[in-house]
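The block underneath contains the structure these notes are about, expressed in structure tokens.
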Amino acid sequence: MAEDLKLTPQSNDFSAWYLEAIQRAGLMDYAPVRGCIVFKPDGYELWERIQAGLDSRFKATGHRNAYFPMLIPESFFQKEKEHIEGFNPELPWVTEAGGEKLEERLALRPTSETMIGYMYSKWIQSYRDLPLLLNQWSNVFRWEKRTMPFLRTSEFLWQEGHTAHADEPEAREETMRMLDVYADFAENEMAVPVWRGQKTPSERFAGAVDTYSIEAMMKDGKALQAGTSHFLGQNFAKGFDIKFLDRDNQLKYVHTTSWGVSTRLIGALVMVHGDDKGIALPPKLAPIQVVMIPIGPPKLREKVMEKFGPVYDALKSAGVRVATDLRDETPGWKFNDWEMRGVPIRLELGPRDVENNQCVLARRDTGDKTTASLENVISRVKMLIDEIQINMYKKALAFRNGNCHLGIETMDDLQAHIAKTDASGELVGWVLAGWCGHPICEARIKEETKFTSRNIPAEPPVRKEKCIACDKEATHTFWIARAY
RNA sequence: CGGGCUGUAGCGCAGUUUGGCUAGCGCGCCUGCUUGGGGUGCAGGAGGCCGCAGGUUCAAGUCCUGUCAGCCCGACCA
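Here this note's numbering is used: the first sequence runs in plain steps of one and ends on residue 497.
Shown next as structure tokens:
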């Protein structure tokens, strides 16, 4: 096999592997605008499946979709001080239109708290208008200094939920409910295990009271924030004057939440499940679950096709997402091609199979090949789909847990751990650490090790006694890691 | 936004140091035959504003200036 047909191995250069893998899987291409990518059909279809899975969960928890403008007046950003400070550096502006300079600059939205806050103040009068539970699917813009396809681009697609509530407990409950929705989706649909927890103040969303996240471990051991849910308290209610008349005839500010996940999830999928053969998709999200490849020379093709067609029809009507590959390429070439694209199951049907009334099933996650009788191929495929989904989660979980380090207590321990893994070529992974709660200690960890705080899990695997940096009593136990 | 590297065919690269004939190679692509259960083989063929703009020169892929984009490393982030 020619070497240049292969991907750069993950262990040689993970970043190069990622960039090659997503392009050769046909997920994206670079666009002619700085930091922007095109979602090609295979990449966009993944996003559509992510959307579908999340959208039904949002609906099931009482939310409805709406759409707000992409252009946001500059004055809106002045109304929440932390918010403007957080986002100002990365806003693109529209300054003229119709050949004339605009009286007020318009930002391309980086997120919609301000626009939605403005609208909510118009819509909410009474406690009877609450809770207001909306979600928006949209694009947003953040002019990042350093871009990476799917993980950080100038424009990206996402979903942002925005809710308003009569009191704090209800808003907090919503914040946690949506964090759980994200975790459920990541683990059960994407087969990506996550730690859920609270962000430290330094990592908090600009304008939030509390930010919570789900964090996933990529195959290079780095952390990726895969979703966030914010309790915004009354910050935006006060900035945008969102008030309601309560049962007790008192005028009160609402409590708001916001929560989002983005096309970054596609990057997570690739970096969690991919291997040196390419990307690997969990069956529940894979646009194609089974690809059928006919084997054998043209002389025998007709005979093969007599069985091939009916198997395809049967799988399709059984609800399996199945595709055929009738291209004029050799089987080996097709095997590699579909493995690169991450299709969970390959079904081979050749002359020998036809004689034995069977086919060959090969799975992407393990590479195992088995034969299946054509009599029960549907049930075999369905079982495999379930098995692969579960196996991919288990593998990812074992990997994640295997690279989470619970026994590191001091900065010396941490430095020793880093030195040891650097020397041996092992992944440095994540570290569970105690923290006194002081930003100075958090900053020192980052300064000395490049580890940043990921989140503070509500129920950590181990509760730490001492702060890793200052050795004082730990008020928190948090995950620290190198992160994307 | 700072430091470094890179832009030559769809992709990966050579050529640039030392300016000079018609700009090459591998893969891919097209045609035909061949092969077909892990990237088949052979033959023929198409494809270039040498990132873009300006400059130096008799002559620029090659030298100079600017600019844009990508990657890597830092400061900022879903």
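The beta carbon of each residue, even a glycine, is placed where N, CA and C say it ideally should be.
Neighbourhood of residue i by C-beta distance below 8 Å, restricted to the same chain and skipping five residues each side
i              : result
threonine 490  : Leu445, Ala446, Gly447, Trp448, Ile469, Pro470, Pro473, Val475, Arg476, Lys477
threonine 176  : His76, Pro144, Leu145, Leu146, Leu147, Ala184, Glu187, Thr269, Thr270, Ser271
glutamine 504  : Because the chain spans 14 through 497 in this model, residue 504 falls outside it and cannot be assessed.
aspartate 180  : His268
isoleucine 137 : Leu143, Leu145, Ala177, Ile255, Lys256, Phe257, Val267
methionine 128 : Phe81, Pro82, Ile85, Phe89, Arg122
methionine 191 : Thr74, Gly174, Ser242, Thr270, Trp272
valine 324     : Met305, Leu360, Leu362, Cys372, Leu387, Val390
Buried versus exposed, by CB contacts within 10 Å (16 or more), residue i
i              : result
glycine 252    : buried
serine 466     : buried
histidine 441  : Strictly speaking, residue 441 in this sequence is valine, with histidine absent from that position. Buried, because 16 or more other Cβ atoms sit within 10 Å of the Cβ of valine 441.
glutamine 91   : exposed
proline 357    : buried
asparagine 389 : exposed
isoleucine 481 : buried
arginine 413   : buried
isoleucine 279 : buried
serine 215     : exposed
valine 367     : buried
tyrosine 133   : buried
glycine 438    : exposed
aspartate 233  : buried
threonine 241  : buried
lysine 212     : buried
glutamine 428  : exposed
proline 296    : buried
lysine 72      : exposed
leucine 298    : buried
serine 24      : exposed
leucine 18     : exposed
Proximity of residue i and residue j at Cβ, strictly below 8 Å
i                 : j              : result
glutamate 87      : tryptophan 156 : no
proline 300       : aspartate 68   : no
threonine 462     : isoleucine 431 : yes
glycine 220       : glutamate 93   : yes
threonine 124     : glycine 48     : no
methionine 305    : aspartate 338  : yes
glycine 246       : serine 226     : no
valine 194        : arginine 70    : yes
glutamine 371     : leucine 360    : no
isoleucine 85     : leucine 119    : yes
tryptophan 150    : glutamine 238  : no
glutamine 402     : alanine 199    : no
leucine 294       : leucine 313    : no
phenylalanine 249 : glycine 130    : yes
proline 162       : leucine 32     : yes
Opening and closing residue of the alpha helix (DSSP H) in which residue i lies
i             : result
serine 330    : 311-330
leucine 282   : 277-286
arginine 393  : 390-415
histidine 96  : 94-100
threonine 127 : 126-136
serine 139    : Note, serine 139: premise wrong, no alpha helix (DSSP H); not H, not E.
glutamate 218 : Residue identity check: residue 218 is phenylalanine in the sequence provided, not glutamate. Run containing phenylalanine 218: none; DSSP gives neither H nor E here.
Where the beta strand (DSSP E) containing residue i begins and where it ends
i              : result
lysine 114     : 113-121
methionine 305 : 303-307
tyrosine 266   : 264-266
glycine 246    : 236-246
leucine 32     : No beta strand (DSSP E) contains leucine 32, which is instead part of the alpha helix (DSSP H) from 27-37.
isoleucine 227 : 223-230
aspartate 68   : Segment 54-73 is the alpha helix (DSSP H) holding aspartate 68; no beta strand (DSSP E) there.
serine 386     : 382-386
Cut-off 6 Å between Cβ atoms - residues of its own chain near residue i, not counting five sequence neighbours on either side
i              : result
glycine 380    : none
glycine 256    : Correcting the residue identity first, residue 256 is lysine in this sequence and not glycine. Correct list, in chain order: Leu264, Tyr266.
glutamate 58   : Pro300
leucine 164    : Arg277, Gly280, Tyr497
asparagine 152 : Glu168, Leu170
lysine 329     : Val335
arginine 141   : none
alanine 15     : With a pLDDT of only 48 at alanine 15, under the threshold of 50, the placement of this residue in the model should not be trusted; the figure read from the coordinates follows. If we look at alanine 15 and ignore the five residues flanking it on each side, it has no Cβ neighbours.
Spatial neighbours of residue i in its chain, beta-carbon cut-off 7 Å, leaving aside the 5 residues before and after
i              : result
leucine 397    : Ile358, Leu374, Arg376
glutamate 509  : Outside the displayed range of the chain (14 to 497) lies residue 509, so it cannot be described from this structure.
methionine 424 : Glu461, Ile481, Ala482
Proximity test, residue i beta-carbon vs the ligand FMN heavy atom, cut-off 7 Å
i           : result
alanine 177 : The ligand FMN is absent from the structure shown, which contains no ligand whatsoever.
Exercise for the section: Entirely within the region 341-380 and at least 3 residues each: give me those beta strand (DSSP E) ranges in chain order. Expected result: 358-362, 371-376
Practice task
Tell me the start and end of each unbroken beta strand (DSSP E) in the region 146-202 that is at least 3 residues and wholly inside, in chain order.
Solution key: 168-178
Practice task
Please list the segments of the alpha helix (DSSP H) lying wholly inside the region 424-481, counting only runs of 4 or more residues, in order along the chain.
Solution key: Listed in chain order, they are 424-437, 452-462.
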